[in-house]
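Numbering (the working numbering), first residue to last: 28 to 481. C-beta: ideal position from N, C-alpha, C; glycine also.
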Amino acid sequence: MGACLAACSLASCASCLCGSAPCLLCGCCPSSKNSTITRLVFSCFLLLGTFVSVIMILPGMETQLRKIPGFCQGGTSIPGLENHMNCDVIVGYKSVYRLGFAMTCFFFLFSVIMVCVRSSRDPRAVLQNGVWFLKFLVLLAITVGAFYIPDGTFHTVWFYIGMVGSFLFIIIQLILLIDFAHSWNKVWVEKAESSDNKCWFAGLLSFTITYYALTITAVVLFFIYYTKPDDCTEHKVFISLNLILCVIVSIVAILPKIQEAQPHSGLLQSSLISLYTMYVTWSAMTNNPNRNCNPSLLSLVSNVNVTETPGDETSKHVQWWDAQGIVSLVIFLFCTLYASIRSSSNAQVNKLMQTEGGGSDVEGVVGEDGFSRAVDNEEDGVTYSYSFFHFHLCLASLYIMMTLTNWYQPDTSTQAMYSLMPAVWVKMSSSWLGLGIYLWTLIAPVLFPDRDFS
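(1) To the nearest angstrom, report how far apart Arg151 and Val144 are at their CA atoms.
(2) Looking at C-beta atoms only, is the number of pairs between the stretch 264-284 and the stretch 422-441 that lie closer than 8 Å three or more?
(3) If we ignore side chains and look at the alpha-carbon of each, how far apart do Val393 and Leu204 end up?
(4) Whole angstroms are fine: how far does the CA of Pro449 sit from the CA of Asp206?
(5) What are the uninterrupted segments assigned as beta strand (DSSP E) that are 3 or more residues long and contained completely in the stretch 193-271, given in chain order?
(6) So, Gln511 versus Cys71, is the Cβ gap smaller than 8 Å?
(7) Cα separation between Val246 and Phe234?
(8) Relative to the C-alpha of Ile169, which candidate in Tyr187, Asp178, Ile197 and Phe134 has its C-alpha closest?
(9) Rounded to the nearest angstrom, how far is the Cβ of His291 from that of Lys225, given a contact under 8 Å?
(10) Could you check where the alpha helix (DSSP H) with Val165 kicks off and where it finishes?
(11) I need the DSSP call for Tyr124, collapsed to helix, strand or coil.
(12) Can the beta-carbon of Leu431 be found closer than 8 Å to that of Val81?
(13) How is Pro449 classed by DSSP in three states: helix, strand or coil?
(14) On a CA-only basis, which of Asn319, Ile243 and Ile202 is nearest Asp257? Give me that one, please.
(15) Can the beta-carbon of Met455 be found less than 8 Å from the beta-carbon of Gly189?
(16) Buried or exposed: Lys255, going by 16 or more other Cβ atoms within 10 Å of its Cβ?
(17) At which residues does the alpha helix (DSSP H) containing Pro290 begin and terminate?
(18) Does the Cβ-Cβ distance between His262 and Met305 come in under 8 Å?
(19) With a threshold of 7 Å on Cβ separation, who are the neighbours of Ala41 within its own chain once the five nearest residues in sequence on each side are excluded?
(20) In its own chain, which residues sit with a C-beta less than 6 Å from the C-beta of Trp227, not counting the 5 before and 5 after it?
(21) Verify whether the separation of the beta carbon atoms of Tyr175 and Pro437 is less than 8 Å.
(22) Nearest CA to the CA of Phe137: which residue from Ser193, Val165, Ile368 and Ile281?
(23) Find the nearest neighbour of Asp178 within the set Tyr187, Leu231, Tyr124 and Ser298, judged by alpha-carbon distance.
(24) Spatial neighbours of Pro476 within its chain, please: C-beta separation below 8 Å, excluding the five flanking residues on both sides.
(25) If you run the structure through DSSP and keep just helix, strand and coil, what is Val389?
(26) Rank Trp467, Ser457 and Ala366 by C-alpha distance to the C-alpha of Leu73 and give the top, closest one.
(27) Quick one, are the C-beta atoms of Ile285 and Ile470 less than 8 Å apart?
(28) Which same chain residues, not among the five before or five after Val473, have their C-beta less than 6 Å away from its C-beta?
(29) For Trp309, count the other beta carbons within 10 Å of its own beta carbon; 16 or more makes it buried, fewer makes it exposed. Which is it?
(30) So, with DSSP's three-state summary, where would you put Gly179?
(31) Please classify Pro476: does DSSP put it in a helix, a strand, or coil?
(32) In whole angstroms, what separates the C-alpha of Thr410 from that of Asn61?
(33) Would you mind sorting Thr242 into buried or exposed? The rule is 16 or more other CB atoms within 10 Å of its CB.
(34) Between Asn269 and Leu302, what straight-line distance do the alpha-carbon atoms span, to the nearest angstrom?
(35) Can you tell me the Cβ-Cβ gap for Gly76 and Leu126, rounded? I've got them flagged as a contact below 8 Å.
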């Protein structure tokens, strides 16, 4: 789909500038809904920024740029020419912060513009579903401008903004996982009941057992590697408390009254949420500045050098490819793509995500040339909140910025990064709030039986 969209955009730049979405005019795309195509293209913008950020933070990138004659200040020079480019800004954590700033501003701008768009008949819907080439130029212009921001306090301020945005995005990730598990459970149960094929039930049981087994394994490994008999009290509390909370939500999910109010609720959702909670717990513990409680296991295996300031155990150079960063990136990619194509029947989750259940059933049409066309399925009403979708991508931009810099606080005076406890508490708080949201989706219909949650 990504290659298809790229080919379509290149082939129809003129059409983009006139306001039509590329895939409405390009026959190479499969039959699809216009709302889905739009979300996929915006997600591609975000993924493109993520890809560029990964390249810019790769080790040795600055060294390679300095080898280009006449490019970097202090690098290889050409007689008669002066090197003006400060390569320290366009690579490393500084480049990630500036790219994150550009993407955040871009999506926040569209979030404000698209407030209260009710249908595709709204004039602003043209900006949402079309003019892709122009929007790409806007993003490019904001990105170029971001690299001219003076250092000063920019990185420190943006670090705290990134923590807040990432906190909210972690919550959204959990909501999307709840939605995914709910849809998965509903589809497989319906197939099992309609076909009398017990393999579907066996599959659900297998995945549920696997997720719980991984959760228990994670808890054991956490106590082995991230706690000490006479130290790491915070970690012991984090692991124990989240394990207890996971047991509670698992029990609640299968209570008779909960099952009566929500027949598709079950242990599959709880097992996936429990595993995700343990991931967030692990992610939080990897940001603990106490090196005795944070062994950096992958660094030992991969021989990644960690530079520490003498007398200070919190200083590190940015290494985005540690285990926590890689897992975070994978979950981020899944949730971003899933948010672009999701069509949920879970009323509670739809309310939280500001979407409608299922949307229109309009199918793609075939043009006179025999090619399939994407169709406008939002003439009578949007299938998702344009504004909230862009706000979600805005938060995703901040989350990927923090992930690639390992949630370390920058120090422009020493060019080092510091792991601090606030990042730990932000992640742990998000795990508790996420479990609370999941618990609410279970008990709300029971507590308020007279309220229409559909």
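Quick answer:
(1) Along the sequence shown, read from residue 1 onward, the residue named residue 151 stands at position 124. Along the sequence shown, read from residue 1 onward, the residue named residue 144 stands at position 117. Roughly 7 Å between the two C-alpha positions.
(2) no
(3) Locating residue 393 in the sequence shown gives position 366, counting from the first residue. Locating residue 204 in the sequence shown gives position 177, counting from the first residue. Confidence is the limiting factor: at Val393 the pLDDT is only 48, short of 50, which leaves the residue's position unreliable and the question unanswerable from this model.
(4) Your numbering for residue 206 matches position 179 in the sequence shown. Your numbering for residue 449 matches position 422 in the sequence shown. Roughly 29 Å separates the two Cα atoms.
(5) none
(6) Limits of the chain in this structure are 28 at one end and 481 at the other, which puts residue 511 out of reach.
(7) In the sequence shown, the residue the question calls residue 246 occupies position 219. In the sequence shown, the residue the question calls residue 234 occupies position 207. Taking the straight line from one Cα to the other gives about 18 Å.
(8) Here residue 169 is taken as the residue at index 142 of the sequence shown, counted from 1. The shortest C-alpha separation from Ile169 is found at Phe134.
(9) Position 264 of the sequence shown, counted from the first residue, corresponds to residue 291. Position 198 of the sequence shown, counted from the first residue, corresponds to residue 225. Their Cβ separation, rounded to whole angstroms, is 18 Å, which puts His291 and Lys225 out of contact at 8 Å.
(10) Counted from its first residue, the sequence shown places residue 165 at position 138. Residues Trp159 to Ala173.
(11) For this step, residue 124 is matched to residue 97 along the sequence shown. Looking at Tyr124 - three-state DSSP - the assignment turns out to be helix.
(12) Looking up residue 431 in the sequence shown gives position 404. Looking up residue 81 in the sequence shown gives position 54. Cβ distance < 8 Å, so Leu431 and Val81 count as in contact.
(13) Stepping through the sequence shown from its first residue, residue 449 is reached at position 422. Helix, per DSSP.
(14) Here residue 257 corresponds to residue number 230 of the sequence shown, with the count starting at 1. Of the listed residues, the one whose Cα sits closest to Asp257 is Asn319.
(15) Locating residue 455 in the sequence shown gives position 428, counting from the first residue. Locating residue 189 in the sequence shown gives position 162, counting from the first residue. Not a contact, by the Cβ cut-off of 8 Å.
(16) Residue 255 sits at position 228 when you count from the first residue of the sequence shown. By the 10 Å Cβ count, Lys255 comes out exposed.
(17) For the purposes of this step, residue 290 is identified with residue 263 of the sequence shown, where counting begins at 1. No alpha helix (DSSP H) holds Pro290; DSSP gives it neither H nor E.
(18) Along the sequence shown, one-based indexing puts residue 262 at 235. Along the sequence shown, one-based indexing puts residue 305 at 278. No. Outside cutoff.
(19) For the purposes of this step, residue 41 is identified with residue 14 of the sequence shown, where counting begins at 1. Confidence at Ala41 is low in this model, with a pLDDT of 36, below 50, so its placement is unreliable and the value that follows should be read with caution. Closer than 7 Å at the Cβ level, and outside the excluded window around Ala41, lies no residue.
(20) On the sequence shown, position 200 is the one that residue 227 refers to. Contacts found: Trp215, Lys218 and Ala219.
(21) On the sequence shown, position 148 is the one that residue 175 refers to. On the sequence shown, position 410 is the one that residue 437 refers to. No; because the gap between Cβ atoms is not below 8 Å, this pair is not in contact.
(22) Within the sequence shown, the letter at position 110 stands for residue 137. Answer by Cα proximity: Val165.
(23) Residue 178 sits at position 151 when you count from the first residue of the sequence shown. For Asp178, the nearest C-alpha among the options comes from Tyr124.
(24) Position 449 of the sequence shown, counting from 1, holds the residue named residue 476. Correct list, in chain order: Ala288.
(25) By one-based count along the sequence shown, residue 389 stands at place 362. No answer about Val389 holds up, because its pLDDT of 47 lies below 50 and its placement is not dependable.
(26) Within the sequence shown, residue 73 is the residue found at index 46, counting from 1. That would be Ala366, whose Cα lies nearest to the Cα of Leu73.
(27) The residue labelled residue 285 in the question sits at position 258 within the sequence shown. The residue labelled residue 470 in the question sits at position 443 within the sequence shown. Closer than 8 Å, so yes.
(28) In the sequence shown, residue 473 corresponds to position 446, counting from 1. Answer for Val473: Lys284 and Ala288, listed in chain order.
(29) Walking along the sequence shown from the start, residue 309 turns up at place 282. It is buried - the Cβ of Trp309 has at least 16 other Cβ atoms within 10 Å.
(30) Along the sequence shown, read from residue 1 onward, the residue named residue 179 stands at position 152. In the structure shown, Gly179 sits in coil (DSSP, three-state: anything other than H, G, I, E or B).
(31) Residue numbering aside, residue 476 sits at position 449 when the sequence shown is read from its first letter. If DSSP states are grouped into helix, strand and coil, Pro476 belongs with coil.
(32) Within the sequence shown, the letter at position 383 stands for residue 410. Within the sequence shown, the letter at position 34 stands for residue 61. Between Thr410 and Asn61, the C-alpha separation is close to 10 Å.
(33) Counting from 1 along the sequence shown, the entry for residue 242 is found at position 215. Buried: at least 16 other Cβ atoms inside 10 Å.
(34) Counted from its first residue, the sequence shown places residue 269 at position 242. Counted from its first residue, the sequence shown places residue 302 at position 275. So the alpha carbons of these two residues sit roughly 11 Å apart.
(35) Taking the first residue of the sequence shown as 1, we reach residue 76 at position 49. Taking the first residue of the sequence shown as 1, we reach residue 126 at position 99. That belief holds up - the Cβ atoms of Gly76 and Leu126 are roughly 6 Å apart, short of 8 Å.
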